[in-house]
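In full-length UniProt numbering, the protein residues as written are 1 to 350.
Below is one structure; the comments refer to it alone.
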């Protein structure tokens, strides 16, 4: 059996409805670089990188918990990731796909790889916060970040997308409650640059993530997720994500070990507190620890924007240890380039 390699383009692949060969991709890339908008120039650069003689692509991590760094990912691993996605979500050659993510990050790059390898008919648009705003067509598959999904709710109600995956940052409860009503398949994904986007997904509204094919999970002594995916990485990938393990293919995400607050000997997970408050505070916010002489650390609620009155009843779902000891307002949160809130940097910027 002939092995699929990253040098292949599926004979069913189309770009905006037109069959494009490997050779023609170079002309497309040069055209984007020379004449395209900034987002198209990123596409052109990626296409040249993908079809050059190197066996790897260099990617920049998001910098959510540290300084962004450049890592090398083998193209064959990206291909295997694309095949796993196609298998998990039931994508077939000829399926239509809308690409609305920035190609300078791994999620956007992988949408291109999936289209080449799986033979999808891909339409790409500029990555905006409301990609369906002027869209009349319907698509079989699309990937968005939560902000795009939130702004696309009206169009999604019209069944413009049959199957939607949402990643990049966590889907909060308020948005989840809107998405679960929609007449389509929607999944929240789990992954990072090091895992070449998602290695697990769950239907919106479900509790546990299920891994993609050829991926298994375990936990270390700190209850942090350990990912084994030989097609992606020879070594296990140890994450900073605290999980509740259900099996070697299912887990519940509970928070990040970097954010744990040790308050008077009680370990608090900010993400779980935030989840309980998610439909009750009309602004962006996060919970973080602050040094305290008595407790060691205390939970502080940081809210974006000008001060507003937050009634005590808002904290009714929290246990007595979780209730923030203080509320601090920050005019504008700091973010990574991919839109993730940088907690420490936001606090320091106040």
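Using N, Cα and C, we set each Cβ at its ideal position, and we do this for glycine too.
As the structure is a computational prediction, the values presented were derived from the model and not from experiment.
For residue 48, the CB contacts under 7 angstroms within the same chain, skipping 5 residues up- and downstream, are 29 in chain order.
Taken through DSSP and simplified to helix, strand or coil, residue 157 comes out as helix. In terms of Cα proximity to residue 245, the closest of 50, 263 and 224 is 224. Annotation for residue 208: 202, 246, 250, 251 and 252 place their beta carbon closer than 7 angstroms to its own, counting only its chain and skipping 5 residues before and after.
Given a length threshold of 3 residues, each whole run of the beta strand (DSSP E) inside the UniProt domain "AMP-dependent synthetase/ligase" (61-201) is given here in chain order: 70-74, 96-99, 121-124, 139-144, 161-166 and 185-192. Runs of the beta strand (DSSP E) spanning 3 or more residues and lying entirely within the segment 287-342 occur at 296-304 and 326-330, in chain order.
Here residue 72 has 56 and 58 as same chain residues with Cβ atoms under 6 angstroms from its own Cβ, once five neighbours each way along the sequence are excluded.
By the criterion of a C-beta distance shorter than 6 angstroms, residue 292 is surrounded in its chain by 298, once the five residues flanking it on both sides are discounted. Sequence-distant Cβ neighbours of residue 95 in its own chain, meaning closer than 8 angstroms and more than five residues away, are 118, 120, 121, 140 and 141. In this structure, residue 300 places its C-beta atom within 9 angstroms of the C-beta atom of residue 287. The three-state reading of DSSP puts residue 246 in strand, counting E and B together. Between residue 163 and residue 199, the C-beta gap is not smaller than 9 angstroms, which leaves the two residues out of contact. 9 angstroms or more divides the Cβ of residue 302 from the Cβ of residue 256. In the three-state DSSP reduction, residue 22 falls in the helix class (H, G or I). When DSSP states are grouped into helix, strand and coil, residue 44 belongs to the helix group.
Considering only 87, 313, 14 and 263, the residue with the shortest C-alpha distance to residue 279 is 313. With a cutoff of 9 angstroms on beta-carbon distance, residue 170 and residue 188 are scored as near each other. In the assembly as shown, residue 21 is an exposed residue. Its beta-carbon has fewer than 16 other beta-carbons within 10 Å. Looking from the CA of residue 183, the closest CA among 167, 158 and 135 belongs to 158.
When DSSP states are grouped into helix, strand and coil, residue 209 belongs to the strand group. Put simply, of 89, 105, 218 and 156 the residue whose alpha carbon is nearest the alpha carbon of residue 336 is 105.
Rounded to the nearest whole angstrom, the CA to CA distance from residue 102 to residue 145 is 11 angstroms. Between residue 5 and residue 76, the C-beta spacing is below 9 angstroms. Shown here, residue 13 sits in coil according to DSSP, grouped into three states, outside any helix or strand. For residue 317 against residue 276, the beta-carbon gap comes to about 4 angstroms, under 8 angstroms, which counts as contact.
Counting every other CB atom within 10 Å of its CB across the protein chains shown gives residue 156 a total of 16 or more, marking it as buried. The residue from 212, 85, 222 and 348 with its alpha-carbon nearest to that of residue 228 is 212. Put simply, the backbone Cα of residue 150 is about 12 angstroms away from that of residue 173. In terms of Cα proximity to residue 15, the closest of 45, 115, 181 and 51 is 115. Counting C-beta atoms within 10 angstroms of its own C-beta, residue 128 has fewer than 16 neighbours from the protein chains shown and is therefore classed as exposed. When the Cα atoms are used, residue 161 and residue 112 turn out to be separated by approximately 18 angstroms. The three-state reading of DSSP puts residue 344 in helix, counting H, G and I together. Assigned with DSSP and collapsed to three states, residue 39 falls in helix. The beta carbons of residue 237 and residue 254 sit about 18 angstroms from each other, so the pair does not count as a contact at 8 angstroms. For a cut-off of 8 angstroms, the C-beta gap from residue 196 to residue 176 is around 25 angstroms, too long to register as a contact.
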